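Below is one structure, written out as structure tokens; the observations come after it.
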Amino acid sequence: MAVLLLAEVTDGALALDATAKAVTAATKLGDVTVLAAGASAADAGAEAAKIAGVSKVLVAEDASLGHRLAEPTAALIAGLASDYEHIVAPATTDAKNVLPRVAALLDVMVISDVSAVVDGNTFERPIYAGNAIQTVKSSDAKKVVSFRTATFDAAGDGGSASVETISAADNPALSEWIEDKVAESDRPELTSAGVVVSGGRGVGSEDDFKLIENLADKLGAAVGASRAAVDSGYAPNDWQVGQTGKVVAPELYVAVGISGAIQHLAGMKDSKIIVAINKDEEAPIFQVADYGLVADLFEAVPELMEKLG
Amino acid sequence: MKVLVPVKRVIDYNVKVRVKADGSGVDLANVKMSMNPFDEIAVEQAIRLKEAGKADEIVVVSIGVKQSQETLRTALAMGADRAILVNAADDVHTDIEPLAVAKILAKVVEEEQPGLVLAGKQAIDNDMNATGQMLSALLGWSQGTFASELDVDGDKAVVTREVDGGLQTIKVNMPTIVTVDLRLNEPRYASLPNIMKAKKKPLDEKTAADYGVDVTPRLEIVSTTEPEARAAGIIVGSVDELVGKLKEAGAV
Ligand SMILES: Cc1cc2nc3c(=O)[nH]c(=O)nc-3n(C[C@H](O)[C@H](O)[C@H](O)COP(=O)(O)OP(=O)(O)OC[C@H]3O[C@@H](n4cnc5c(N)ncnc54)[C@H](O)[C@@H]3O)c2cc1C
Ligand SMILES: Cc1cc2nc3c(=O)[nH]c(=O)nc-3n(C[C@H](O)[C@H](O)[C@H](O)COP(=O)(O)OP(=O)(O)OC[C@H]3O[C@@H](n4cnc5c(N)ncnc54)[C@H](O)[C@@H]3O)c2cc1C
Numbered sequence: 000m001a002v003l004l005l006a007e008v009t010d011g012a013l014a015l016d017a018t019a020k021a022v023t024a025a026t027k028l029g030d031v032t033v034l035a036a037g038a039s040a041a042d043a044g045a046e047a048a049k050i051a052g053v054s055k056v057l058v059a060e061d062a063s064l065g066h067r068l069a070e071p072t073a074a075l076i077a078g079l080a081s082d083y084e085h086i087v088a089p090a091t092t093d094a095k096n097v098l099p100r101v102a103a104l105l106d107v108m109v110i111s112d113v114s115a116v117v118d119g120n121t122f123e124r125p126i127y128a129g130n131a132i133q134t135v136k137s138s139d140a141k142k143v144v145s146f147r148t149a150t151f152d153a154a155g156d157g158g159s160a161s162v163e164t165i166s167a168a169d170n171p172a173l174s175e176w177i178e179d180k181v182a183e184s185d186r187p188e189l190t191s192a193g194v195v196v197s198g199g200r201g202v203g204s205e206d207d208f209k210l211i212e213n214l215a216d217k218l219g220a221a222v223g224a225s226r227a228a229v230d231s232g233y234a235p236n237d238w239q240v241g242q243t244g245k246v247v248a249p250e251l252y253v254a255v256g257i258s259g260a261i262q263h264l265a266g267m268k269d270s271k272i273i274v275a276i277n278k279d280e281e282a283p284i285f286q287v288a289d290y291g292l293v294a295d296l297f298e299a300v301p302e303l304m305e306k307l308g
Numbered sequence: 000m001k002v003l004v005p006v007k008r009v010i011d012y013n014v015k016v017r018v019k020a021d022g023s024g025v026d027l028a029n030v031k032m033s034m035n036p037f038d039e040i041a042v043e044q045a046i047r048l049k050e051a052g053k054a055d056e057i058v059v060v061s062i063g064v065k066q067s068q069e070t071l072r073t074a075l076a077m078g079a080d081r082a083i084l085v086n087a088a089d090d091v092h093t094d095i096e097p098l099a100v101a102k103i104l105a106k107v108v109e110e111e112q113p114g115l116v117l118a119g120k121q122a123i124d125n126d127m128n129a130t131g132q133m134l135s136a137l138l139g140w141s142q143g144t145f146a147s148e149l150d151v152d153g154d155k156a157v158v159t160r161e162v163d164g165g166l167q168t169i170k171v172n173m174p175t176i177v178t179v180d181l182r183l184n185e186p187r188y189a190s191l192p193n194i195m196k197a198k199k200k201p202l203d204e205k206t207a208a209d210y211g212v213d214v215t216p217r218l219e220i221v222s223t224t225e226p227e228a229r230a231a232g233i234i235v236g237s238v239d240e241l242v243g244k245l246k247e248a249g250a251v
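Line order of the protein sequences matches chains X and D.
The opening residue of the first sequence carries number 0 in numbering that gives the first Met the number 0; numbering runs sequentially from there.
The opening residue of the second sequence carries number 0 in numbering that gives the first Met the number 0; numbering runs sequentially from there.
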């Protein structure tokens, strides 16, 4: 049984962590072929070939594939589909843009955000902001699936898959890329960081959000935010953790000035240790916290920084 | 230009869902249902396009149980002109899969010939995040997903998208399908006079069979369970105690 896995490639570079986590899930389904597509994708393909468990890599390079536009990428994958029973990817925004389009082209359902593989047709996925886990069994001949990376460990290296170059599909030329606005950061990536420090509306301003960032830097952590903090302009959109933002499961998650709405919990409640700092002892975040501190964050965070040494 | 907005009736986002004891699903009897929050944003955007003179008619469509009428009336009260209810299920627990929804929507698009479809990026019940992209594929149209900004200009639209790395801006050919994200706008509340007026706006009823679409699910729901609960934590008395606990646990 063959699996085609769409590698996460951004501007020619492989997102190794997300791709390797999806490989772990995909090897449960069968023999894994990775597709690296982009304006330049050869380096990404070579890197993917080293992930343990990958048996083959396809590299498709074409200007039309350069900015992960959905239409040409979906056309490419749909054209390759006849050789595979499963078409999978890590559940990134890129994959969520492309995979449902692929599925509809193939007249099959998409199964998004899968958190466990039961067998080749049966998958678990969280619904209702993670308040229920549903097991679904597909009757489609082909299964198009995205994997929630937070729940799978990354496959190791040591692979030596063969690499083959393929051509792109005809570009339907329905859309064009204009620009990406990507904040450069030396911090670890949010979805793969071992520690995440998140701030909410309680932080009060963009200036004071520096407090959260400083604590994150002290802990070598990625920075996250609640929707309220993003909506208020304290933090950029790509920091949002939750049902409609990113899903994280670090070793340590520190929630500061966040009330703990179900939509936020959906994105972090699988973290190993959760710390909450909130001045309201009734805040629902304390119900999921391993260690709760009822305190004013403007006193507690500086003191915490100091005592962490 | 006509704008088509698919709106879904879902459990209200403030309600904590309960999984039924027999594992057959989530209990939706007697819980508060509302319009999917993303779809409110889509309706709002359509109204703004109309107010800006870029759209002349807003048609809202919902596919599901009869009670979805309420959702459509809400959209009409916000400012949509006309509604289509596609009856596709009798039981409130029956959810129609995005593929089937997209197939029905494709037929509605054929009939209505909108220049723009504005959908939510995901429905907060099943979080599948699929319908807009599937519809786009079926129609062979362009797609602009997860939009936080939208500027329609003649035969093109510029869409700024919320993506994992930050923001991406693309230009898409019209007609197009845009799925909206949280920060596109803040939806208005319907005023009482508008709620009254909405009762008189046209609402057409159809069935899935009228469109010749088979809504048989491709995914069988084997079981629905509660997620594992976290073990209870503790409230620490001071920052010192917190640091001590974290060191003990090897977390710092
Ligand atoms: C469709 C939809 C999708 C959503 N998706 C998401 C999502 O993905 N992620 C997300 O986070 N939210 C999401 N939300 C929003 C969610 O419902 C909440 O509104 C949001 O999480 C609240 O953010 P918050 O906790 O920062 O703010 P609030 O709820 O306002 O909480 C602020 C907290 O800070 C505390 N505080 C204030 N001052 C201090 C101080 N000085 N010291 C210590 N504590 C202080 C307060 O006690 C309070 O508990 C979504 C909502 C909807 C409708
Ligand atoms: C308790 C329960 C019971 C279920 N039972 C069944 C069942 O009996 N049969 C079955 O087939 N599946 C069933 N499902 C599974 C379900 O069909 C899919 O998982 C689900 O449809 C996922 O898509 P979504 O609604 O999250 O759509 P998304 O793709 O996330 O929705 C995105 C957008 O598409 C539009 N949209 C989506 N649906 C509609 C609609 N109906 N009308 C108008 N616009 C819409 C809206 O603009 C929405 O914002 C069930 C799920 C649960 C939780």
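From the three backbone atoms N, C-alpha and C, an ideal C-beta is built for every residue, glycine too.
Note that the coordinates shown come from a computational prediction; the quantities given were computed from them, not determined experimentally.
Cβ-heavy atom distance, residue i to ligand 1, below 7 Å
i               : result
T243 of chain X : yes
V274 of chain X : no
Q286 of chain X : no
F37 of chain D  : yes
D61 of chain X  : no
G256 of chain X : yes
R8 of chain D   : no
F297 of chain X : yes
Y233 of chain X : no
N130 of chain X : no
K278 of chain X : yes
V212 of chain D : no
Neighbour-count burial assignment, residue i, 16 or more Cβ in a 10 Å radius
i               : result
N130 of chain X : buried
Q142 of chain D : buried
N35 of chain D  : buried
T206 of chain D : exposed
D180 of chain D : buried
Y188 of chain D : exposed
P97 of chain D  : buried
P113 of chain D : buried
M195 of chain D : exposed
E70 of chain X  : buried
N13 of chain D  : exposed
A208 of chain D : exposed
T18 of chain X  : buried
P201 of chain D : exposed
Best match in the options for proximity to residue i [C-alpha to C-alpha]
i               : options                        : result
M0 of chain X   : X:A48, X:A36, X:D118           : X:D118
G19 of chain D  : D:I233, D:P226, D:G232, D:A230 : One point to set straight first is that residue 19 of chain D is Lys, not Gly, in the sequence displayed. Cα-wise, what sits closest to K19 of chain D is D:P226.
D163 of chain D : X:L28, X:A62, X:K95, X:L4      : X:K95
S54 of chain X  : X:E84, X:L3, X:P99, X:T9       : X:L3
P187 of chain X : X:D169, X:A221, X:A25          : X:A221
A45 of chain X  : X:V56, X:D230, X:V135          : X:V56
D80 of chain D  : D:N193, D:A88, D:T215          : D:N193
S138 of chain X : X:D106, X:G52, X:I211          : X:D106
I57 of chain D  : D:L166, D:A101, D:L115, D:G232 : D:L115
A36 of chain X  : X:S191, X:I211, X:F146, X:V162 : X:V162
Cβ pair residue i, residue j closer than 8 Å
i               : j               : result
A224 of chain X : S197 of chain X : yes
A149 of chain X : I50 of chain X  : no
H263 of chain X : I257 of chain X : yes
V274 of chain X : D295 of chain X : no
T130 of chain D : P5 of chain D   : yes
G22 of chain D  : S190 of chain D : no
M133 of chain D : A103 of chain X : yes
F151 of chain X : K20 of chain X  : yes
A167 of chain X : A48 of chain X  : no
V195 of chain X : L189 of chain X : yes
N86 of chain D  : E204 of chain D : yes
7 Å Cβ shell around residue i - same chain, five flanking residues per side excluded
i               : result
V101 of chain X : A73, I76, A77, I86, V143
L27 of chain D  : I10, V91, H92
S67 of chain D  : R8, S61, L84
L117 of chain D : V2, V4, A41, Q44, A45, V177, V179
Cβ-based neighbour list, residue i, same chain, cut-off 8 Å, excluding 5 preceding and 5 following
i               : result
V9 of chain D   : M32, S33, M34, N35, A122, I123, D124
L214 of chain X : V196, A220, V253, V255, V300, L303, M304
Within chain B, the residues that residue i reaches when beta carbons sit closer than 9 Å
i              : result
L48 of chain D : No chain B appears in the structure shown, which is made up of the protein chains X and D.
Same chain, Cβ closer than 6 Å to residue i, five either side skipped, listed in chain order
i               : result
K155 of chain D : K170
S270 of chain X : A248, P249, Y252
P99 of chain X  : V109
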